[in-house]
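Asker:
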Amino acid sequence: MTEIKGSYEKEGPVLVDTHGKYLESPRRVAGEMNVSFIDLNKLIHDLVTGMGVENSRKLFMWIPAGQYEFCPEGKIDNTHLNIYGGRIVAGLVVDALMEEVPALAKYVRRYDYVVAKDGSGDFFTVQEAVNAAVGGSKKTISILVRPGVYEEHVSMPESSPRIELVKQTGADIRDNGFTQDVYVAPYKGDRVCAISYTFDKNRGRYMY
Numbered sequence: 002m003t004e005i006k007g008s009y010e011k012e013g014p015v016l017v018d019t020h021g022k023y024l025e026s027p028r029r030v031a032g033e034m035n036v037s038f039i040d041l042n043k044l045i046h047d048l049v050t051g052m053g054v055e056n057s058r059k060l061f062m063w064i065p066a067g068q069y070e071f072c073p074e075g076k077i078d079n080t081h082l083n084i085y086g087g088r089i090v091a092g093l094v095v096d097a098l099m100e101e102v103p104a105l106a107k108y109v110r111r112y113d114y115v116v117a118k119d120g121s122g123d124f125f126t127v128q129e130a131v132n133a134a135v136g137g138s139k140k141t142i143s144i145l146v147r148p149g150v151y152e153e154h155v156s157m158p159e160s161s162p163r164i165e166l167v168k169q170t171g172a173d174i175r176d177n178g179f180t181q182d183v184y185v186a187p188y189k190g191d192r193v194c195a196i197s198y199t200f201d202k203n204r205g206r207y208m209y
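In terms of the working numbering, the numbers along the sequence shown are unbroken and rise by one, the last being 209.
1. The ligand GTP and VAL54: does the residue's C-beta get closer than 8 Å to at least one heavy atom of that ligand?
2. Considering LYS168, what are the terminal residues of the beta strand (DSSP E) in which it resides?
3. Taking C-beta to C-beta, are ARG88 and ASP123 nearer than 9 Å?
4. Check this for me: beta carbons of LEU98 and LEU82, under 9 Å apart or not?
5. Exposed or buried, LYS168, counting other C-beta atoms within 10 Å across all chains shown (16 or more means buried)?
6. Starting from ARG1, follow the alpha helix (DSSP H) in both directions and report where the run begins and ends.
7. Tell me the DSSP bridge mates of THR141?
8. Between the beta-carbon of ILE84 and the beta-carbon of TYR112, is there less than 9 Å?
9. When DSSP labels each residue in this structure, what does ILE39 get in the three-state scheme?
10. Which runs of the beta strand (DSSP E) at least 3 residues long sit entirely within the stretch 34-120? Give them in chain order.
11. Is the beta carbon of VAL90 less than 9 Å from the beta carbon of LEU44?
12. So, PRO65 versus GLY51, is the Cβ gap smaller than 9 Å?
13. Measuring only the C-alpha atoms, how far is ARG147 from SER121?
14. Do ALA130 and VAL116 have their beta-carbon atoms positioned less than 9 Å apart in this structure?
15. Quick one, which of TYR69, GLU153 and ALA133 has its alpha-carbon nearest LEU163's?
16. For ALA172, which option in ASP119, VAL135 and GLU101 has the closest C-alpha, if you only look at C-alpha atoms?
17. Counting only the same chain and skipping the five closest in sequence on each side, list residues whose C-beta sits under 6 Å from that of ILE142.
18. Taking the alpha-carbon positions, what's the ILE39 to VAL102 distance?
19. Counting only the same chain and skipping the five closest in sequence on each side, list residues whose C-beta sits under 7 Å from that of THR170.
20. In the DSSP assignment, the alpha helix (DSSP H) including GLU153 goes from what residue to what residue?
21. Mind reading off the beta-carbon distance from LEU41 to VAL94? Whole number of angstroms is fine, and I expect it under 8 Å.
Laid out in structure tokens, this is it:
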């Protein structure tokens, strides 16, 4: 797999490739070893070109001045992906892998949003992910919750679509009560389904 490179140079609106012959090394090695090869450089180039100069900045570590205390002067980083960019690029890699090795397709799991306490997801709390799901066009939204204890009461708006909460080992939501493996929130309709999840709750109905 080739290296990631895809941001626009400061000079203008033309995407410049700065790798040169370096890109041929992994392609040659893949050929010598008779293994699958993914030209990630081309995938990123096509992605960034399609998004355009301004829009593609959302993929990289562009930090506006005055927005965060840890970086008051801001930062322009055209090399390193942010969390959003990482997820987009990871999706491109997965798609390419499935095309190269179709047998891997059955192991792929996709989620609309990821919740993580360490900042590696789209949101820090489950409620934020649920709020983001409201107003969308999809009838079902899948939310992956990564390991951690989430001390929050998750409120489900009436306008929300069906929510599928899927946990990784070590994740649970606590809201005073007892624990069950699968929980359906006490709202009209089966609009929340938690798969292999640990909930602490003092009300509601449960299904297995």
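Glycine is no exception: its CB is placed at the ideal position from the N, C-alpha and C atoms. Since the model is a prediction, treat every value here as computed from it, not as a measurement.
Answerer: Per the coordinate set shown:
1. You won't find the ligand GTP in this model; it holds no ligand whatsoever.
2. Here residue 168 refers to the residue found at position 167 when the sequence shown is read from its first residue. Segment 163-168, the beta strand (DSSP E) holding LYS168.
3. Translated into positions along the sequence shown, residue 88 becomes position 87. Translated into positions along the sequence shown, residue 123 becomes position 122. Taking 9 Å as the Cβ cut-off, ARG88 and ASP123 qualify as a contacting pair.
4. On the sequence shown, position 97 is the one that residue 98 refers to. On the sequence shown, position 81 is the one that residue 82 refers to. Going by C-beta atoms, LEU98 is not nearer than 9 Å to LEU82.
5. On the sequence shown, position 167 is the one that residue 168 refers to. Under this definition LYS168 is a buried residue.
6. As shown, the chain starts at 2 and ends at 209. That puts residue 1 outside it, with no answer to give.
7. As a first step, residue 141 must be located in the sequence shown, where it is residue number 140. DSSP, once it has assigned bridges, lists ARG163 as partnering THR141.
8. By one-based count along the sequence shown, residue 84 stands at place 83. By one-based count along the sequence shown, residue 112 stands at place 111. In this structure, TYR112 does not lie closer than 9 Å to ILE84 by Cβ.
9. On the sequence shown, residue 39 is found 38 positions in, with the first residue counted as 1. ILE39 falls in the coil class under three-state DSSP.
10. The stretch 34-120 contains these whole beta strand (DSSP E) runs: 114-116.
11. Mapped onto the sequence shown, residue 90 falls at position 89. Mapped onto the sequence shown, residue 44 falls at position 43. Result yes, Cβ atoms of VAL90 and LEU44 sit closer than 9 Å.
12. Indexing the sequence shown from 1 puts residue 65 at position 64. Indexing the sequence shown from 1 puts residue 51 at position 50. Note that the C-beta distance between PRO65 and GLY51 is not below 9 Å.
13. The residue labelled residue 147 in the question sits at position 146 within the sequence shown. The residue labelled residue 121 in the question sits at position 120 within the sequence shown. The alpha-carbon atoms of ARG147 and SER121 are separated by roughly 9 Å.
14. For this step, residue 116 is matched to residue 115 along the sequence shown. For this step, residue 130 is matched to residue 129 along the sequence shown. Yes. Within cutoff.
15. One-based indexing of the sequence shown puts residue 163 at position 162. Reading the sequence as shown, one finds Arg at residue 163 and not Leu. With distances taken between Cα atoms, ARG163 lies closest to ALA133.
16. Taking the sequence shown and counting its residues from 1, the one referred to as residue 172 is at position 171. Ranking the options by Cα distance to ALA172, first place goes to ASP119.
17. Taking the first residue of the sequence shown as position 1, residue 142 is located at position 141. Closer than 6 Å at the Cβ level, and outside the excluded window around ILE142, lie ASP113, ALA134, PRO162 and ILE164.
18. Here residue 39 is taken as the residue at index 38 of the sequence shown, counted from 1. Here residue 102 is taken as the residue at index 101 of the sequence shown, counted from 1. Between ILE39 and VAL102, the C-alpha separation is close to 11 Å.
19. By one-based count along the sequence shown, residue 170 stands at place 169. The answer, listed in chain order, is PRO148.
20. Here residue 153 refers to the residue found at position 152 of the sequence shown. Premise fails: GLU153 is in no alpha helix (DSSP H) and is neither H nor E.
21. Reading the sequence shown from its first residue, position 40 is the one you call residue 41. Reading the sequence shown from its first residue, position 93 is the one you call residue 94. Yes, LEU41 and VAL94 are in contact; Cβ-Cβ is about 7 Å, under 8 Å.
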